[in-house]
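One structure is given below, encoded as structure tokens.
Protein chains: 2
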Amino acid sequence: MRDDLTVRDVSIIGIGQVPVGEHWDRSLRHLAYEAILAAVRDGGIDRIDALYIGNMLSGELNSQEHLGALVADFAGLRGVEAVKVEAACGSGAAALRMGYIAVAGELADVVVVCGVEKMTDTIGDDTTSALAMAADADYEASQGLSFVAINALLMRRYLHEYGFSHSDFAHFTVNAHRNAANNPYAMFRHPVTVEAFRQARMIADPINLLDSSPICDGAAAVVLAPTAWVRGRGRRNVRIAASAIATDSVSLHDRRDPLWLDAVALSAQKAYKQAGVGPQEIDLFELHDAFTIMSALSLEASGFAPRGGGVRLAMEGDIFIGGRIPISTMGGLKARGHPVGATGIYQVVEVVEQLRGEAGANQVGDAHWGMAQNIGGSGATVITTILEGGE
Amino acid sequence: MRDDLTVRDVSIIGIGQVPVGEHWDRSLRHLAYEAILAAVRDGGIDRIDALYIGNMLSGELNSQEHLGALVADFAGLRGVEAVKVEAACGSGAAALRMGYIAVAGELADVVVVCGVEKMTDTIGDDTTSALAMAADADYEASQGLSFVAINALLMRRYLHEYGFSHSDFAHFTVNAHRNAANNPYAMFRHPVTVEAFRQARMIADPINLLDSSPICDGAAAVVLAPTAWVRGRGRRNVRIAASAIATDSVSLHDRRDPLWLDAVALSAQKAYKQAGVGPQEIDLFELHDAFTIMSALSLEASGFAPRGGGVRLAMEGDIFIGGRIPISTMGGLKARGHPVGATGIYQVVEVVEQLRGEAGANQVGDAHWGMAQNIGGSGATVITTILEGGE
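So the protein sequences, as listed, match chains A and B. If you use my numbering, the first sequence corresponds to residues -16 to 374, in order. If you use my numbering, the second sequence corresponds to residues -16 to 374, in order.
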């Protein structure tokens, strides 16, 4: 993308979310509608130029494609421009990127971006098979590799190469659950101990249940508008300082170095350059902790730790609220939950809460720069968003 | 969207397509790669800022989501911004709209948009169930309505309300097959007669086999760049004069008038306004003839015929090359083929061929304004693109 950006500034002027969980009484479209309604009310807007939906699995799990028109109609927006954007578990932030482009480029003024996923009470394939569609169908899934197993290969290699033990990852989970306890939208609002982490049931060796984010339902939405509209409106402004997508090979075996996520590094570098900041300026980082190993690798490739040093940030408490680089401040994918296509929007909603000073007991002090990073597959699509809080 | 458009002009500087058909020897990613390579060579470009993929069914039929990164990597573009855009059978043109927004808004300079679909040699659900995901899963598909049956309800109502007989629709098919005979990328390159149309096997009464577009594989791609780049380069310029998406209720029963496609009318009106032309200026119209009834309804709501008058344009030969408003000039969905997520890009590629004067035996004389219209579902998402040929 162009370096000489001449586009206008874009702000997030409304946020909405539904509690993550198992919603046996609400359909896909209903979840999306609730999140959109909350965001529209929060933003206080009376017009919408376009609606972009982030979703990965509606076809496979809900036998429903065509979510753009479907959700637009159910949300009372019949007629509006609406499409679905998909980039596996990165679908939410990929849709946000499309909305950002439309507003920054002056093709639209008010865009709503909604991430939604319904993974329970489904009528299609089983969820494990569906999630494997984020991996390479020909070279990974068809060989019997589930998505958890791919991450297990990564974690095993990490333990071997850097000499850590599995329990060194415990504080990623301890931190996430502790923070989720104060988030009314989180799925798992109970703390876990290091001992519980050690004893948890094995899923795909060495990944156990407490390394893993849950299967769940959820929806979150944001309203985007030109920053010039909101300045001076009396509300704390949150500006999108950067939005960057980068890709890598979908299959793990085809990368030059499985323990270095090239697309995380490239996406983060592009975002830092666009925002004019570096990792040292970031006050909190909502990273893609679908598995604890992804947290460590994301911290490293994003520049918060050297190679093999990501897990040390957890061991030493640097990732806690009050630490050097707080992560998963509202529970993360692990404890807030990971409704895959919605996750990227939940992350951004949470960063906005922090930058507005509305994060309650989990407030990061003096938060000015917040970063969210949403990942599709085992690092094949990475969207990094940097937000700046205003006065 | 904004009326006071301040964005820069965008041109299509490269086109590529693979023959539509049953490609038992080529995978989804391979088809996309071939189309992209052809478009990149045609455009003579040496950089790409982003890749947008239009596709509807890869999850359901190929057990593969995450096509953005997958295709980017296979096409030699590892690292590039890449996402999939989905709007049922309108996915191709919806992806084009995202590419147009990125270039028009100056967020990118060179964007490749590829539509791809692999509907044969699949490993997932059956194709009829998969296509029904374009309809409403809760209110249509779960009631046993296939996608053909939904169109059959529309056609039955049309015959009843306006007093036509089924064979009045024959010339939509005769025209499409006649034109496809001269298109090396078309699936059905044989002419059909009115008598053959009358005798064709029934699919869902009153829709028969020759009312219907085929299940097939295909991929097509275009390269977008700022118009300012291509003026004076010696190549005939084709500018995107308008690009507009509109939506309607996904389920047919929920519309105020099933025989008037509101989203077609809204999308066309927006496009006419943006381009500064009306239907009388359009020299050819690549419409969404998934079924003959959709051709009639599209002609009406787009302003080429009054209500109930669309089928007369076929009966009187106005839709033929040389007629008042040529449609399906390279075979249309009916005879070129309808690989659903790719169709919107094939349509645009064909309009570019016409406006460049490269349509061979099917050339529309003095073609200056060409329109393509891609439809998702039974009219729930409609993307209208108007192209202007240069000197």
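Where a beta carbon is used, it is the ideal one built from N, C-alpha and C, also for glycine. Fair warning: this is a prediction, and the values are worked out from it, not measured in the lab.
Membership of A/F268 in the beta strand (DSSP E) is indicated by the continuous run 267 to 269. Chain A places no beta carbon closer than 7 Å to that of B/D29, leaving this residue out of the contacts.
By the criterion of at least three beta-carbon pairs nearer than 8 Å, the stretch 154 to 167 of chain B is in contact with the stretch 303 to 312 of chain B. The alpha-carbon of B/H6 is positioned some 46 Å away from that of A/L370.
Taken in chain order, the complete alpha helix (DSSP H) segments of 4 or more residues contained in the stretch 166 to 244 of chain B are 177 to 182, 210 to 213. By the neighbour-count criterion, in which a residue is buried when 16 or more other Cβ atoms sit within 10 angstroms of its Cβ, B/S150 is exposed.
Taking a cut-off of 8 Å on C-beta distances, the stretch 218 to 231 of chain B touches the stretch 57 to 64 of chain A, as three or more cross pairs fall below it. Apart from the 5 residues on each side of it in sequence, A/L114 sits with its Cβ closer than 6 Å to the Cβ of F130 in its chain, given in chain order. The beta carbons of B/A273 and B/L244 sit about 13 Å from each other, so the pair does not count as a contact at 8 Å. Sequence-distant Cβ neighbours of A/T105 in its own chain, meaning closer than 7 Å and more than five residues away, are L44, N45. Taking a 10 Å sphere around the C-beta of A/P289, we find fewer than 16 other C-beta atoms and assign the residue as exposed.
For chain B, the residues of the stretch 56 to 82 of chain A that bring a beta carbon within less than 7 Å of one of its beta carbons are D56, R61, G62, V63, E64, A65, V66, K67, V68, E69, A70, A71, A77, M81, in chain order. Relative to the Cα of A/V331, the nearest Cα in the group A/I186, A/V206, A/V177 belongs to A/V206. Pairing A/V3 with A/G215 gives a Cβ-Cβ distance that is not under 7 Å. Among the residues facing chain B, A/S281 is not included, as its CB has no counterpart in that chain under 7 Å away.
Around the Cβ of A/Q356, a 10 Å sphere holds 16 or more other Cβ atoms; the residue is buried.
Rounded to whole angstroms, the gap between the alpha carbons of B/A58 and B/P167 is 24 Å. For the C-beta of B/M39, the chain A residues within less than 9 Å are, from N- to C-terminus, G42, E48, H49. The criterion of a C-beta distance shorter than 7 Å is satisfied by A/Y35 and A/V68. Taking a beta-carbon distance threshold of 7 Å, B/V233 counts as an interface residue toward chain A. The shortest C-alpha to C-alpha distance from A/S361 to any of A/D29, A/V157, A/A135, A/F147 is the one to A/A135. By alpha-carbon distance to B/A203, the top candidate from B/A342, B/R30, B/G324 is B/G324. For B/E69, the beta-bridge partners assigned by DSSP are A/K67. Under DSSP, B/T367 takes part in a beta bridge, and its partners are B/A227, B/Q356. Contact check for B/F147 against B/V247 fails: the beta carbons are separated by 7 Å or more.
With a threshold of 16 other beta carbon atoms within 10 Å, A/V177 falls short and is exposed.
By the Cβ-count criterion, A/R30 is exposed, with fewer than 16 other Cβ atoms from all chains shown falling within 10 Å of its own Cβ.
A check of alpha carbon separations from A/M102 across A/T111, A/V365, A/V95 identifies A/T111 as the nearest. The three-state secondary structure of A/V(-7), taken from DSSP, is strand.
The C-alpha of A/F171 is placed about 31 Å away from the C-alpha of A/Y145. Along the stretch 146 to 166 of chain B, there is no position whose C-beta sits under 7 Å from a C-beta of chain A. B/L53 has a beta carbon lying within less than 7 Å of a beta carbon in chain A. Apart from sequence neighbours up to five positions away, the residues of its chain that approach A/M185 with a beta-carbon distance below 7 Å are N191, ordered along the chain. Counting only the Cα atoms, A/L11 lies some 29 Å from B/M277. Counting only unbroken stretches of 4 or more residues, the alpha helix (DSSP H) elements lying wholly within the stretch 5 to 53 of chain A are 11 to 26, 41 to 45, in sequence order. Going by beta carbons, B/M138 and B/P174 fall outside the 7 Å limit.
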